[in-house]
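Accompanying notes for the structure given below.
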Amino acid sequence: MAAVALSGLAVFVGRLRADAWSPAPGPAWLLVEQGRFAEIVPGRTRPPHWPDDLPFLDLGRSVVLPGLVDSHVHLTERGDGTSTADLSTAELVDLGVRNAATALRAGVTTVADCGGPPEAVFAIKEATAGLPGCARTLVAGAPITVVRGHCWRFGGEAADASAVRDLTAGFTAAGADFIKVMASGGGTAGAPPWEPGFSEDELRAAVETAGALGRPVKVHCLSADSMRAAVAAGVRVIEHGKFRNAAEDGAGFDAGVAALLAEQGVVVCPTLSVGHHVLAAPPEAAGEARDLWLRRHPHDLGDFAKLAAAGVRMVSGTDAGWRHTPFDALPVELELMATSGMTNAAVLAAATGDAADALGLGGRVGRIAPGHQADFIATDADPVDDITALRRPHAVARDGVLLP
Ligand SMILES: [Zn+2]
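Note that the UniProt record's numbering numbers the sequence shown so that position 278 is 278, with each residue one more than the last.
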């Protein structure tokens, strides 16, 4: 993929939204050097001390904001409802690189792969690192799961706390940026969502081992009990945060868990896109899943609104790759969050600075600030006024490299 690599760049911005909470955006000049923001100068006047021969990008008619973060993707999946189980590692890597490129075109400058076959995801991380035109890729390796638990086929089964520690250390040594653990079942046959996964002690083994190695832990929870165990074990970031029960009747919500998450400042990545895209897929492609998600999706949106109302902090993630969720789904995810109880500013924070912080990238990614990687997008309107403006980024840059 062609992309314009620039060692230095001067950008004039009509309206700079440096982060979700910055005041009404005004004009500014951005100096990019070595892939980072070197200087940010408010106003319309080009700083006179900047070199005259810098390449110049005029975004005077645009709102410019930080590149978006998709905190939950599966790069080794297609997101069209078909299985990739028959693909070779080389084919999975090729698919992953194309998926990371799709994400970047949608304004997503960073993605976090929440689990796949480890040899493929580590190779995708390496391939995308040096490839302009792809989102920056953080990886976990395989999700660590109980024996025959959710996603066991990726190779992350652990029978006890000691095996959890070994896998955590092993994936970190192999290049994992964070560790993904399954605290409940999910969509894998034989491991339904309301079934427990690891015990509190086993979850603590992951938190402590990863913490000592400087890696965040993201924990998949589809039931109230799994969230209680995760919080008790010291988990700081919960994936999905759903309240499924065996009856699938929407009665699984637990206000006590919502209060606990809010009180402890535990972050939830709600992945509302999955249900949305199952229902948006052609009925013949969605198959049996359609009936299930026709029931589930409204409950999920309602439970998300209750979590948001309880004051639970959110970060944005789509679960792209899973079922029918495409890699450019993040703007739709953000609209679902905004129409289900969050303000546009809080949604934008969830998709930028807060998401970067939860991934351990705070101070490097997620804000337009000196020293941060020069990840930015340009839109026609301020997403704080109109969140749908994120559907139409007309310029996208990662590490100061502009997509053509
Ligand atoms: Zn997932």
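Built from N, CA and C at the ideal position, the CB exists for glycine as well.
Three-state secondary structure (DSSP) of residue i
i           : result
Glu39       : strand
Phe171      : helix
Met227      : helix
Pro298      : helix
Pro331      : helix
Gln264      : helix
Pro27       : strand
Val219      : strand
residue 408 : Since the first and last residues shown for the chain are 1 and 404, residue 408 lies out of range.
Leu213      : coil
Gly81       : coil
Arg244      : coil
Val146      : coil
Asp70       : strand
Glu157      : strand
Arg165      : helix
Pro326      : coil
Leu402      : strand
Phe196      : The question names Phe, but residue 196 in the sequence shown is Pro. Strand, per DSSP.
Arg98       : helix
Spatially closest choice to residue i from the options, by CA coordinates
i      : options                        : result
His276 : Val63, Val267, Arg296          : Arg296
Cys151 : Ala173, Gly190, Ala169, Glu126 : Gly190
Pro132 : Val207, Ala262, Leu104         : Leu104
Leu307 : Ala281, Pro117, Ile238         : Ile238
Arg398 : Ala129, Ala338, Pro42          : Ala129
Gly265 : Phe327, Lys242, Gly234         : Gly234
Glu200 : Ala230, Lys218, Val181         : Ala230
Pro23  : Pro48, Glu33, Leu65, Ala38     : Leu65
Gly321 : Ala258, Thr76, Ser62, Ala20    : Thr76
Phe304 : Ala127, Thr89, Gly241          : Gly241
Ala100 : Ala206, Pro118, Asp80, Cys134  : Cys134
Ala10  : Glu263, Arg391, His49, Pro25   : His49
Thr379 : Glu91, Ser62, Gly35            : Ser62
Gly341 : Phe327, Leu301, Asp328, His220 : Leu301
Gln34  : Pro282, Pro51, Val267, Gly8    : Gly8
Pro42  : Glu202, Phe12, Leu92, Ala247   : Phe12
Close Cβ partners of residue i (< 7 Å) along its chain, the five nearest in sequence each way excluded
i      : result
Arg244 : Pro193, Trp194, Leu222, Ser223, Gly252
Lys125 : Thr137, Val139, Gly175
Ser71  : Ala112, Cys269, Val315, Ser316, Gly317, Ala355, Ala358, Leu359
Val147 : Glu157, Ala159
Thr209 : Arg165, Thr168, Ala169
Ala338 : Asn344, Val347, Ile387
Ala258 : Lys306, Leu307, Ala310, Val312
Leu294 : Leu279
One or two residues paired with residue i in a DSSP bridge
i           : result
residue 412 : With the chain represented from 1 up to 404, any question about residue 412 goes unanswered, as that position is not in the structure.
Thr379      : Val63
Glu202      : Paired residues: none, contrary to the question.
Ala10       : Leu31, Phe56
Glu239      : His220, Cys269
Ala395      : Ala378
Arg15       : Val63
Ala112      : Leu138
Met342      : According to DSSP, which records beta bridges pairwise, Met342 is partnered with nothing at all.
Arg313      : Val267
Ala355      : In the DSSP output, where bridge partners are listed per residue, Ala355 has none listed.
Ala320      : Val73
Other residues of its chain near residue i: CB distance less than 6 Å, five sequence neighbours each side excluded
i      : result
Leu68  : Gly107, Val108, Leu330, Ala351
Leu261 : Val312
Gly362 : Ala356
Beta-carbon proximity list for residue i, same chain, < 8 Å, skipping 5 on both sides
i      : result
Met213 : Note on residue identity: the sequence assigns Leu, not Met, to residue 213. The answer, listed in chain order, is Thr168, Ala169, Thr172.
Gly149 : Glu157, Met182, Gly185, Thr188, Ala191, Gly197
Ile40  : Leu16, Ala18, Ala28, Trp29, Leu30, Leu31, Ile368, Ala369, Pro370
Ala280 : His324
Segment contact, 8 Å Cβ cut-off, at least three pairs: the segment 351-363 with the segment 92-103: Taking 8 Å as the limit for Cβ pairs, the verdict is that the segment 92-103 does not touch the segment 351-363.
Cβ contact (3+ pairs, closer than 8 Å) linking the segment 46-56 and the segment 365-385: Judged by Cβ distances under 8 Å, the segment 46-56 makes no contact with the segment 365-385, as fewer than three pairs qualify.
Contact between the segment 378-389 and the segment 330-342 (3+ Cβ pairs under 8 Å): Between the segment 378-389 and the segment 330-342, the count of C-beta pairs closer than 8 Å reaches three or more; the two stretches touch.
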